[in-house]
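Read the structure below first, then the notes.
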Amino acid sequence: MEKSYRHRPNPSSSSSSSSSSSSSTHFRSQKFRSNPTTKDGKFTKYNNPNAREDFVKPRRASQQAQQHVDDSSNLPVLLGTCPFMCPVAERTQRERLRDLAVFERLDGNPRKTSSDLAVKKVRFHVMSLHKLQSCTNENISSVHYLNMEQLTKALTTLFNLYDANRSSESINENEAEFHSFYVLLHLGSNSQPTGESLSLWFRQVPIPIIKSKEMCFARRILRFFRMGNYKRFLLTTAAEASFLQYCIIEPYIIEVRELALSCINNGGYKLHPYPLTHLSKLLMMKESDLVSFCGACGLEMVTDEVGNKSLPSKQTTFCSPKGGSQSYGFLNLEPFER
Amino acid sequence: MAAYPGMSMGEAHRRITEYLNRFSDAVSNQDAASLRFLLSLSSNSPFLLSLADALNTFQDSGRLIKHSDHYSQFSDILFNLFRSLQTYRLGNLFDSYQAFEKAANAFIQEFRNWESAWALEALYALAYEIRVLAERADRELASNGKSPEKLKAAGSFLMKVFGVLAGKGPKRVGALYVTCQLFKVYFKLGTVHLCRSVIRSIETARIFDFEEFPKRDKVTYMYYTGRLEVFNENFPAADNKLSYALTHCNPRREANIRMILKYLIPVKLSIGILPKDWLLEKYNLVEYRDVVQALRRGDLRLLRRALQEHEDRFLRSGVFLVLEKLELQVYQRLVKKIYIIQKQKDPTKAHQVKLEVIVKALKWLEMDMDVDEVECIMSILIYKNLVKGYFAHKSKVVVLSKQDPFPKLNGKPVNS
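Protein sequence lines correspond, in order, to chains A and B. Residue numbering for the first sequence follows the numbering used here, starting at 1 and increasing by one per position. Residue numbering for the second sequence follows the numbering used here, starting at 1001 and increasing by one per position.
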């Protein structure tokens, strides 16, 4: 399936500039590794930011709109850029109606689909998760909700397809990865009353998938999250998450950093304010980002005679950051090549 | 599988007529126990098996059914029951289920018209059989490479039965039994979310008084709803329900007690209550032994090993994540042990625990954690009130409260 992307020629260059456009996140220009021991370079296309051009059709123009998002009060415009996509009239209709369903159809049969198409759809929605995360448009939450809904549906369809086509021993090469997505999507949901319990879901996952590298990664992340082990959560995510896994984990990173601040504020010795340098290493954030994050959490820093900042504990003003919580990316993300 | 070779047509005729008479007598005498016996296909009773042979020999039971008014009024039930029995005997479970479902539907129509609740025991047998036959039919479908669908159909049928019982009359006490059959279906299918609507009906509909239901059904109900609470990590509710099931379960039903304990133990562990070894031994729940030991000793390595060793089993039963979360309590125990040892050496300084000491203890357990991670864990333990005190970052020390530094859970789960 990966190959099919490469067969498509790059669309018009006008759309190619945006992936290296300025962004508020660090990692866009960073490279991502795949989960440990995956050697086949499955994720190599994410090494090259420009490779994202031929990734998904139609491209939501949110990357282009990124720079204008604060100016415009409209949702990102659907822009079809693939020259092979469909006749002009249909393309404009799709743009107008934001209708992607036909692309999910195999041979135009609305009842037939294939796991390749489902896979594409899931990847698209995961990417959108990430894009929407950094959108500060006030209408974004409903779009975000819709996107999550579509992502969950696409994943479920994919799992059903895998189950239906399962041959005795082998698992589809994508299965482990997508199962890991499911776990990461439900990090916080085991104790929600209406959420799909992960404990229940694990019961029917085939053992080879449970033992896969991707699932082991996801389960470790789950364990750290549930324990509240913010250090390992952040470290492991930074060290081992693939790009798509990162997209899904992203909102939880904010939550975990918030928990870390809360714990330190709650349990730290009042006379030993926590040094900013150490905190930024712990939370894997740039110092300047950390200062603004603390501010968003209602916490004040103190500065000593030589200009070192630190965070005093037992502040009573701690609160959850309001509104579109910005993601601050990861400090010192190492290159993929290792 | 040929029909019973030694049976003559006359003998076959006699057996079939005997069944027909027994059936109509059971109905006219309102004898639920007898009727129940006549419906229990999967019981493999010699009577029913030889009846099946007779049917396969005689081949024209329809004519016999129409023979007398006593049983021709039940022709839909009987004709399909016979077909189900015949195909069952020939090992054709798919056809057997199909026919049984038709018979069951016809039975429900009659049941509706019987005013009193005399036939409930027979209805229970019907509900049981339809589930069991559906499971076997699905196994047959799967082995032929087809997609299984009969258990789902059985679920729909059982919902229909539930609807018939959910009224103001005396038949309503049968609803809980049917609910439990539905639970078994949904758990088997993995469509556990469908339990929600029946639970809602049982627990909120004004026609039902939970105390009126038979004890056996209440135990089964609490077992399943307790398990749902375990999946959702709602420990106080899970403890309530599973404990109810345990208390009211027939003590001689050791297999059932074991099943309840399998889920109750992780719940109890999560609220700080440890089972005694003899309990684990008696009910063969030794997979929990190392987990319990790890909690007692503060042995993180043992906990992780135990989880790894029984990973598949714990994942299948759905308690793995619950057990994993016990790590925090294991940490608490470990730090407490360090504190106790320090107290023996020098009571005045015991309440200060250097992070390095914890790092060392963990190293002895082959757990590789640096000071930062230990500080992180300590801050979490303090945050969740498993440890009372504070940590001093600069001196890399945890200072424990002089009073009750390691609060017990006291039947409440760890703060989330």
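Ideal Cβ placement from N, Cα and C applies to all residues, glycine included.
In this structure, residue 284(A) keeps its C-beta atom at 8 angstroms or more from the C-beta atom of residue 244(A). Restricting attention to 162(A), 186(A), 222(A), 294(A), the CA atom closest to the CA of residue 176(A) is found in 162(A). Counted as a single uninterrupted DSSP element, the beta strand (DSSP E) harbouring residue 1391(B) occupies residues 1389-1392. Segment contact: the region 1363-1383 of chain B against the region 222-232 of chain A, three or more CB-CB distances shorter than 8 angstroms; contact assigned.
Ranked by Cα distance from residue 1173(B), the first of 1083(B), 1397(B), 1117(B) is 1117(B). Using a CB distance below 9 angstroms, the part of the region 1382-1397 of chain B facing chain A consists of 1382, 1383, 1384, 1387, 1389, 1390, 1391, 1392, 1393, 1394, 1395, 1397, ordered along the chain. Rounded to the nearest angstrom, the gap between the Cα atoms of residue 1233(B) and residue 1322(B) is 7 angstroms.
The DSSP assignment places no complete beta strand (DSSP E) segment of no fewer than 3 residues inside the region 1247-1326 of chain B.
At a cut-off of 8 angstroms, the C-beta of residue 1379(B) has a neighbouring C-beta in chain A.
Boundaries of the alpha helix (DSSP H) around residue 213(A): 213-227. Here residue 247(A) is buried: its Cβ has 16 or more other Cβ atoms, across all protein chains shown, within 10 Å. Within the same chain, and ignoring the five residues on either side of residue 1143(B) in sequence, no residue has its Cβ closer than 6 angstroms to its Cβ. Distance from residue 1175(B) to residue 1182(B) at the Cβ level is roughly 10 angstroms; contact not present, criterion being Cβ atoms closer than 8 angstroms. Cα atoms of residue 302(A) and residue 311(A): separation of roughly 6 angstroms, rounded to the nearest angstrom. Within the region 244-317 of chain A, the alpha helix (DSSP H) runs of at least 4 residues that lie entirely inside it are, in chain order, 276-283, 287-296.
For residue 1098(B), the enclosing alpha helix (DSSP H) has its first and last residue at 1093-1113. Not a single C-beta of chain A is nearer than 8 angstroms to the C-beta of residue 1062(B).
Shown here, residue 1086(B) sits in a helix according to DSSP, grouped into three states. Cβ neighbours of residue 1065(B) within its own chain (closer than 7 angstroms, five residues either side excluded): 1020, 1071, 1072, 1075, 1078, 1079. In terms of beta-carbon proximity, residue 1316(B) lines the interface with chain A, with at least one pair separated by less than 8 angstroms. By the criterion of a C-beta distance shorter than 6 angstroms, residue 1035(B) is surrounded in its chain by 1026, 1122, once the five residues flanking it on both sides are discounted. Taking 8 angstroms as the cut-off, the Cβ atoms of residue 1387(B) and residue 1352(B) do not count as close. Look at the region 1153-1236 of chain B and you find these whole runs of alpha helix (DSSP H), each 4 residues long or longer: 1175-1189, 1195-1204, 1215-1231. Taking a Cβ-Cβ cut-off of 9 angstroms, the neighbours of residue 1372(B) in chain A comprise 231, 278, 281, 282, given in sequence order. DSSP places residue 1066(B) in the coil class of the three-state scheme, outside both helix and strand.
In terms of beta-carbon proximity, residue 1328(B) lines the interface with chain A, with at least one pair separated by less than 8 angstroms. DSSP lists 1397(B) as the beta-bridge partner residues of residue 1354(B).
Within chain A, not a single residue places a beta-carbon under 8 angstroms from that of residue 1183(B); the smallest gap is close to 14 angstroms. Counting C-beta pairs with one atom in each stretch, the region 1352-1367 of chain B and the region 250-261 of chain A have fewer than three that are closer than 8 angstroms, which means they do not touch. A direct Cα-to-Cα measurement between residue 294(A) and residue 279(A) gives close to 11 angstroms. Within the region 1256-1273 of chain B, contact with chain A at the beta-carbon level (separation under 8 angstroms) is assigned to no residue. The region 1308-1317 of chain B makes no contact with the region 1270-1277 of chain B; the number of CB pairs closer than 8 angstroms stays below 3. From the beta-carbon of residue 202(A), the residues of chain B found nearer than 9 angstroms are 1315, 1316, 1318, 1320, 1321. Of all residues in the region 243-256 of chain A, none is placed with a Cβ closer than 9 angstroms to any Cβ belonging to chain B. The C-beta of residue 1190(B) comes closer than 8 angstroms to at least one C-beta of chain A. Spatial neighbours of residue 1259(B) in its own chain (CB-CB distance under 8 angstroms, excluding positions within 5 residues in sequence) are listed in chain order as 1223.
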